[in-house]
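Novice: Protein chains in written order, with our numbering: chain A, 1295 to 1410; chain B, 11 to 120. Built from N, CA and C at the ideal position, the CB exists for glycine as well. Quick caveat: nothing in here was measured; it's all calculated off a predicted structure.
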């Protein structure tokens, strides 16, 4: 089956610094990638939808200048958390699809971010 | 706005029991509905995908049904095992996005 890889699996960073998380589709071209955030004991909340070669579409309440999303190729999307604060500590999960509207969506294994 | 609700939030059963997890959604205009399993601190594993035109899907001890008109889905787990302990999430694809429920945390005790 299709595989989506996230890197790093976990990262610790200092407040005020930026951290980048990568999401790769390993065996298919992903025209659409999604980024989710999950706080402990809560469900996945969609942060943004990114389409290859265009700007990401952010969900209401998500700061686009803080969570920078780049989808430069059909196999790679990156999420950069800028000027990280402890409240940004969370589990970030990406997913990838060959296209919206009924195509199977594959999930990465997630990335734990801890901001100290 | 599409909202997905899962009941119960948590469930604890003895090994061997059959159980049902419930999922409801407010807007019936969905492409599909998926059930996922999430182990603590891990990503998601897709269990079953039901297209909007289908009424159920089966995989091993799992059976998922979909009643789109009433906005409901159930996940039936037969002969539960301790290894089934995890959080089960349902999600609907709506407007090009996956909208998740809050999950049901299942504990199967030996």
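1. Would you mind telling me which residues of chain A sit closer than 7 Å to residue 78 (chain B), beta carbon to beta carbon, in chain order?
2. Assess, as a yes-or-no matter, whether the stretch 67 to 77 of chain B is touched by the stretch 1296 to 1312 of chain A under the definition of 3 or more beta carbon pairs within less than 8 Å.
3. Note the first and the last residue of the continuous beta strand (DSSP E) segment covering residue 1338 (chain A).
4. On a CA-only basis, which of B:120, B:112, B:31 is nearest residue 1338 (chain A)? Give me that one, please.
5. What's the C-alpha gap between residue 1380 (chain A) and residue 1345 (chain A)?
6. Any beta-carbon of chain A closer than 8 Å to the one on residue 53 (chain B)?
7. How is residue 1382 (chain A) classed by DSSP in three states: helix, strand or coil?
8. At a Cβ cut of 8 Å, what residues of the stretch 1349 to 1375 of chain A count as close to chain B, listed as they run along the chain?
9. Based on the DSSP output, what are the partners of residue 1375 (chain A) in its beta bridges?
Specialist: Concretely, from the data shown:
1. Within 7 Å Cβ-Cβ: nothing; residue 78 (chain B) doesn't reach chain A, min ~14 Å.
2. no
3. Note, residue 1338 (chain A): premise wrong, no beta strand (DSSP E); not H, not E.
4. B:112
5. 29 Å
6. yes
7. helix
8. none
9. A:1313, A:1361
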